[in-house]
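In case it helps, mature numbering (1 follows the signal peptide of the UniProt record, and there is no 0) puts the sequence shown at residues -17 to -1, 1 to 157.
Don't be surprised by glycine CBs; every beta carbon is placed ideally from N, CA and C.
Read through the structure below, which is laid out as structure tokens, and then see the notes.
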Amino acid sequence: MSLRLATIAMIAVAAFAGCNRSGSAEDDMFADAEADGVSAGMCGGDASLQQAMIDAANQERGSQQKSILEADEKLNLIAQAHACDIVGQGQPSVTGSDGTNIVDRARSAGFPTCGVAQLVAVGGSAEAVARRWAVSMPHRAELLGQVSDKIGAGAARGPDGRIWWSLVLGDDCR
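See below:
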């Protein structure tokens, strides 16, 4: 196993372990219900949910004549680890429970930080969440921006059944 892959795996494991922590984070317009009692009990990655979000984001981009982004395994790992982390925090936030931001997490995973951005949401299908981001100005700018050429998604189901989404957009600087 390469050192880079081992580092990514360690980051993912650390984030999964951190899913039990609670903390406060800024309010987000996508928290559609109180998150009391949310834990990391069901914090595994679901490839079908990840792909559904990537497809939904690319569908929104395509409908606006924007380039289609290529799925990236590192970005999927970063997004999945963060989805688990926000379940543990009980609030959707782009800030990690350890105070990191998407640039910090991308750097730690060995992904270049050219134009990396992150979106988070709670509840709804991948399509519904992508539509909500597309009509919210700050989120729309990130979702439809032409800086990124790669995409990764994460989804973690809370004990109440809601899906906690994390979408990471990035450019591999090539």
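For residue j and residue i, the rounded distance between their alpha carbons
{"i": "G144", "j": "G107", "result": "10 Å"}
{"i": "G28", "j": "A139", "result": "7 Å"}
{"i": "W147", "j": "Q47", "result": "25 Å"}
{"i": "V103", "j": "D87", "result": "16 Å"}
{"i": "E43", "j": "V77", "result": "21 Å"}
{"i": "L127", "j": "P142", "result": "32 Å"}
{"i": "Q33", "j": "A64", "result": "12 Å"}
{"i": "C26", "j": "T83", "result": "20 Å"}
{"i": "S119", "j": "E125", "result": "10 Å"}
Proximity of residue i and residue j at Cβ, strictly below 8 Å
{"i": "S50", "j": "Q101", "result": "no"}
{"i": "A113", "j": "A40", "result": "yes"}
{"i": "V70", "j": "I85", "result": "no"}
{"i": "G153", "j": "A89", "result": "yes"}
{"i": "A109", "j": "A35", "result": "yes"}
Per-residue burial, residue i [other beta carbons within 10 Å of its own, 16 or more giving buried]
{"i": "R157", "result": "exposed"}
{"i": "D81", "result": "exposed"}
{"i": "P75", "result": "buried"}
{"i": "S149", "result": "buried"}
{"i": "V105", "result": "buried"}
Same chain only: Cβ atoms within 6 Å of residue i, ignoring 5 sequence neighbours per side
{"i": "V151", "result": "L58, I61, A62, Q101, G135"}
{"i": "I37", "result": "A54, I134, A136"}
Contact test: residue i Cβ vs the ligand COA heavy atom, cutoff 7 Å
{"i": "V151", "result": "Looking at this structure, you won't find the ligand COA or any other ligand, since it has none at all."}
8 Å CB neighbourhood of residue i in its chain, flanking five on each side removed
{"i": "D155", "result": "D55, F94, P95, C97, D132, K133"}
{"i": "R123", "result": "W116, A117"}
Neighbourhood of residue i by C-beta, 7 Å cutoff - its chain only, sequence neighbours within 5 removed
{"i": "G45", "result": "I51"}
| said: For a minimum of 4 consecutive residues, which ranges assigned as the alpha helix (DSSP H) are wholly contained in the stretch 102 to 141? | reply: 109 to 118, 120 to 127
| task | Go through the stretch 45 to 91 residue by residue and report every complete run of the alpha helix (DSSP H) that reaches 4 residues or more, in order. | result | 56 to 72, 85 to 91
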